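Heads up: the sequence shown begins at 11 in our numbering, then just goes up one per residue.
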Amino acid sequence: MPAVGGIPVGPGREYPGNLTPYVTVTCIVAAMGGLIFGYDIGISGGVTSMDPFLKKFFPAVYRKKHAAQSNNQYCQYDSETLTMFTSSLYLAALISSIGASTVTRKFGRKLSMLFGGVLFFAGAILNGFAQAVWMLIVGRILLGLGIGFANQSVPLYLSEMAPYKFRGALNIGFQLSITVGILIANVLNYFFAKIKGGWGWRLSLGGAMVPALIITIGSLVLPDTPNSMIERGQHDAAKTQLKRVRGVDDVEDEFSDLVAASEASQLVEHPWRNLLQRKYRPHLSMAILIPFFQQFTGINVIMFYAPVLFNTIGFGDDASLMSAVITGVVNVAATLVSIYGVDKWGRRFLFLEGGTQMLVCQIVVAVAIAAKFGVSGDPGHLPKWYAIVVVLFICIYVAGFAWSWGPLGWLVPSEIFPLEIRSAAQSINVSVNMIFTFIVAQAFLQMLCHMKFGLFLFFAFFVVVMSIFIFFFLPETKNIPIEEMNKVWKTHWYWSRFVNDDDYPNVEMSKGSQATKNV
Ligand code: BGC
C-alpha cells in the first residue's frame, strides 16, 4: 500500500525554467492583492473599539460598553450589532467570489484582480467619508465584493505563473501580504486611536484606499498567465509569454501540456455541474474541507479580537492594542519561514507540525484561563507573569498557524484543480472560507460568554480532526507541475478509487495504487 501521503511520485516531467527576475517581480506585484484582505481583517476590530466611532454610529453599543461593569470578564463585549457590521463583509465576498469565477475563466485572472481593486477602493472612500450608518454598510459591502474578486483570482494567478519548483514560495507571497496588511492596520489603529479630535477612525477606514490602489495599478501592468491566454485561444501570444516567464526558449513540453489541459477544459460546458462528477470528488472535498478547517483553527478569534481578548485577561486598553501588534509581527515573521520551507519540506510536514503546535498552545491557554477565571469569569487579581505566559502561548499558536494552515489554506487549493474546473473550484474555496470566517466572527463573543475557557478546547478539537485528515487524505503536492497534478490522486491509497485510467490517460498508475485499487 502506498504511503498515506501518496507514493513519492517524483517530479515526473521536468519543465525547464528558472526563477527569473521577471516572474519574481510579477508575482510580488500580484501577491499584493492580499493586502486588501489583510488590511480589512486588521482594521475592523480596532475601529469598532474606538469610542468616537461607536458613539457616532452605534450609540446603543457605546452605552452598553460603558454601563455598569460586571465582574464576568467572559461576557463584557457581547454585542451582535457590532459583530454583524464586521462580518457582513464576508457575506458580500462570498457572493462576489462566485461571480468572479466567470470573469476569471472567460476574461482572464487580471480582470478579476482589477475588479477587486476598484470595488475595494470605492468601499474605502465611502467608509472614510461615512456620515451615516448606511454609508458604512454599503462601503463594507463594496469592500467585501472587492475581496471576493481578489481572493478568487490572485492565488490562481500566482500558482499558474510560478515555475513549479518555486510555486509554494511564490504563492505564499499572497499570505505574506495578508499578514503585512493585518500588521500595518494594527499599527495604524494604535496611533489613529490617539488622535485628539476623535476622527482617527476615518483615517483607519479611508486608509484602505492605499492597498486598493496598489492592486488596481498592479492588475493593469501585470501580464496575464500563459494558462489563461491559452484558455482564451491566444496560443501564439501565450507561447511567447511562457518563454519570457520561464526565461528559456525550450518550453515545448510545458506548452503542449497547457494546450492539452485547455482543450480538455473547452469540452466542459458547465464547470459547476462538472465539479459534481465522481472524478472530481478529491478536488471538491479539498475545496470545501481545507477552508473550513482553516477557519476552525480559531485563528480569527485572535486576528479580530486580540485587543478584546487581551483586555479580558486583564491588560489595559493601550497594552491590549500593543499585544495585537506583537501577534501581528509574529504572524508576518512565521509566514517567511513557510516561504522558505514549503518547497523543501513539503506541504504535509508544515500542516502536521503547525497543527501539533497550535494544539499544544490551545490547551495551555485554556488551562491558564480556566485556572484564573474559572467559570465565574472573575479573575480577582492577575499577576503580571500570568498575562505574559498567555500572550507568549498565543504568539506560538499564531506562528504555528502562520507557517501551516494560513498560507497552505490558499496555496493547496490553488494548485490541485485541473484547468477545466479551476476557476469554479477556487470560488468554492473562497466562498467556504468566507462563510466560516463569517460564522466564527459572528459567534465568537457569544461563544466566549457561554463556553468560557472551553472555547479554546473547542477549536483544539478541530485541530486534532484536521491533522488526522491531512495525515490520511492530503497527498504531497510539492514539486509537481500544476498540469500534472492528477497523478497525486491516481496514486493515492484512498482517492485513487475515484479516478479511472481514462480520466487521466497520460498518467502512469503506480503498482502500489493499482494493488490498492484491486482490493
Ligand atoms: C486567513 C484569514 C486569517 C489570516 C491570518 C488567512 O489565511 O484566510 O482568515 O485572518 O490568514 O493571517
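The beta-carbon is built from N, C-alpha and C at its ideal position, and this holds for glycine as well. None of these values were measured; they are calculated from a predicted model.
In this structure, does DSSP put residue i in helix, strand or coil?
{"i": "Q141", "result": "coil"}
{"i": "V278", "result": "coil"}
{"i": "N528", "result": "For N528, the predicted model reports a pLDDT of 31, less than 50, meaning its position is unreliable; a value from the coordinates is still stated below. Helix at N528."}
{"i": "P62", "result": "helix"}
{"i": "K204", "result": "coil"}
{"i": "R532", "result": "Because the chain in this structure spans residues 11 to 529, residue 532 falls outside the shown range and cannot be described."}
{"i": "I194", "result": "helix"}
{"i": "D50", "result": "helix"}
{"i": "V269", "result": "helix"}
{"i": "P423", "result": "helix"}
{"i": "V261", "result": "coil"}
{"i": "L286", "result": "coil"}
{"i": "W413", "result": "coil"}
{"i": "V231", "result": "helix"}
{"i": "A172", "result": "coil"}
{"i": "L186", "result": "helix"}
{"i": "P26", "result": "coil"}
{"i": "M519", "result": "With a pLDDT of 39 at M519, under the threshold of 50, the modelled position of this residue cannot be trusted; read the value that follows with caution. Reduced to three states, the DSSP call for M519 is coil."}
{"i": "G326", "result": "coil"}
{"i": "P393", "result": "coil"}
{"i": "F403", "result": "helix"}
{"i": "Y167", "result": "helix"}
Can you give me the Cβ contacts of residue i inside the same chain, cut-off strictly under 6 Å, excluding the 5 residues immediately before and after it?
{"i": "F202", "result": "G210, L213, S214"}
{"i": "S53", "result": "One point to set straight first is that residue 53 is Ile, not Ser, in the sequence displayed. Here the set comprises A195, S214."}
{"i": "S414", "result": "L360, F361, G364"}
{"i": "L193", "result": "G338, V342"}
{"i": "L64", "result": "V71, Y72"}
{"i": "A218", "result": "Y49, A134"}
Please indicate yes or no: does the CB of residue i lie closer than 8 Å to some heavy atom of the ligand BGC?
{"i": "M94", "result": "no"}
{"i": "G156", "result": "no"}
{"i": "W420", "result": "yes"}
{"i": "I349", "result": "no"}
{"i": "F481", "result": "no"}
{"i": "N439", "result": "no"}
{"i": "F411", "result": "yes"}
{"i": "M476", "result": "no"}
{"i": "T34", "result": "no"}
{"i": "P417", "result": "yes"}
{"i": "Q305", "result": "yes"}
{"i": "N181", "result": "no"}
{"i": "N196", "result": "no"}
{"i": "M313", "result": "yes"}
{"i": "T58", "result": "no"}
{"i": "N199", "result": "no"}
{"i": "I192", "result": "yes"}
{"i": "T235", "result": "no"}
{"i": "N310", "result": "yes"}
{"i": "G48", "result": "yes"}
{"i": "Q436", "result": "no"}
{"i": "Q185", "result": "yes"}
{"i": "I53", "result": "no"}
{"i": "N28", "result": "no"}
Taking residue i as part of the alpha helix (DSSP H), name the residues at either end of that continuous run.
{"i": "W211", "result": "210 to 216"}
{"i": "G118", "result": "Segment: none, G118 is in no alpha helix (DSSP H) and carries neither H nor E."}
{"i": "H460", "result": "429 to 461"}
{"i": "F306", "result": "Premise fails: F306 is in no alpha helix (DSSP H) and is neither H nor E."}
{"i": "K488", "result": "Note, K488: premise wrong, no alpha helix (DSSP H); not H, not E."}
{"i": "F466", "result": "464 to 483"}
{"i": "Q244", "result": "Looking at the DSSP string, Q244 is not in any alpha helix (DSSP H), and its letter there is neither H nor E."}
{"i": "W505", "result": "Where W505 is concerned, there is no enclosing alpha helix (DSSP H), given that its DSSP letter is neither H nor E."}
{"i": "F359", "result": "357 to 383"}
{"i": "P31", "result": "31 to 41"}
{"i": "N496", "result": "496 to 500"}
For residue i, collect the residues of the same chain with a Cβ closer than 7 Å to its Cβ; drop the 5 residues on either side in sequence, then sort them by chain order.
{"i": "L362", "result": "S477, I480, F481"}
{"i": "L92", "result": "T58, F68, V71"}
{"i": "W282", "result": "A434"}
{"i": "F325", "result": "S333, A397"}
{"i": "I38", "result": "G183"}
{"i": "S229", "result": "K120, M123, L124, G127"}
{"i": "D234", "result": "G118, R119, K120"}
Looking only at its chain, what residues have a beta carbon closer than 8 Å to the beta carbon of residue i, apart from the 5 residues adjacent to it on each side?
{"i": "T96", "result": "S54, G55, T58, F314, A451"}
{"i": "Y504", "result": "F482, F483"}
{"i": "I312", "result": "L319, T337, I404, Y407, V408"}
{"i": "N28", "result": "P173, R256, G257, V258"}
{"i": "D353", "result": "K175, F176, R177, G178, A179, K488, N489"}
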